[in-house]
Amino acid sequence: MISNNNNLDVNYITMMLIASSIAGVGLMSNNTVMIVASMLVSVLMGPILGITFGCVIRDFAMVNAGICNEFVGFLIALMVGVVIGLVYYCTNDPYEWPTEEMASRGTTEALILGTLYAFPSGIGVGISVSDGGINGL
2 MISNNNNLDV
12 NYITMMLIAS
22 SIAGVGLMSN
32 NTVMIVASML
42 VSVLMGPILG
52 ITFGCVIRDF
62 AMVNAGICNE
72 FVGFLIALMV
82 GVVIGLVYYC
92 TNDPYEWPTE
102 EMASRGTTEA
112 LILGTLYAFP
122 SGIGVGISVS
132 DGGINGL
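Per our numbering, residue 2 is the first one in the sequence shown, and the count goes up by one each step.
Given below as structure tokens:
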């Protein structure tokens, strides 16, 4: 199950393009719901689970695949963000940026709170995977 979610294939790339597009438009339009929705669509947790599980069972091929796939996902998200930003910049008033959503995520407090949120979320994902694949979605 974990290795199935740690593959770099057309589905992974497509879902990353979709999630990144939703996040970019959400940030651009200052829409919190769209930003959260992009997290539900994102497939970045698959490689993270592959890295973690590979470390636990000492399967370094799985770890390397997870790192590569996570990096590819990062590059896709970055590329989509740059394209959306350039399109928006060329078609609208650039002085409206950063939006409130962008600015609120760029503070030290937001980073600390994000870390406090991510830690228990990661534990929850680990429990859901190890306990028969229970998924909140």
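Glycine included, C-beta positions come from ideal geometry on N, C-alpha and C.
Quick caveat: nothing in here was measured; it's all calculated off a predicted structure.
- For residue 97 and residue 18, the gap between their C-alpha atoms comes out near 25 Å.
- Residue 62 and residue 68 have their alpha carbons spaced roughly 10 Å apart.
- For residue 107, no alpha helix (DSSP H) segment is defined, and its DSSP state is neither H nor E.
- Assigned with DSSP and collapsed to three states, residue 43 falls in coil, not helix or strand.
- When C-beta atoms of the segment 98–118 are compared with those of the segment 46–53, fewer than three pairs fall below 8 Å, so the two segments do not count as touching.
- The Cβ atoms of residue 36 and residue 27 sit closer than 7 Å to each other.
- The shortest C-alpha to C-alpha distance from residue 20 to any of 100, 76, 93, 56 is the one to 76.
- Within 10 angstroms of the beta-carbon of residue 84 lie fewer than 16 other beta-carbons, which makes it exposed.
- Annotation: residue 97 is outside any alpha helix (DSSP H) and is labelled neither H nor E by DSSP.
- With respect to the C-alpha of residue 55, the residue from 103, 6, 114, 117 having the closest C-alpha is 6.
- Taking 7 Å as the cut-off, the Cβ atoms of residue 22 and residue 88 do not count as close.
- Rounded to the nearest whole angstrom, the CA to CA distance from residue 34 to residue 115 is 17 Å.
- Take the alpha-carbon of residue 100 and the one of residue 31: they are about 6 Å apart.
- Across the structure, residue 124 and residue 78 are spaced so that their CA atoms are roughly 24 Å apart.
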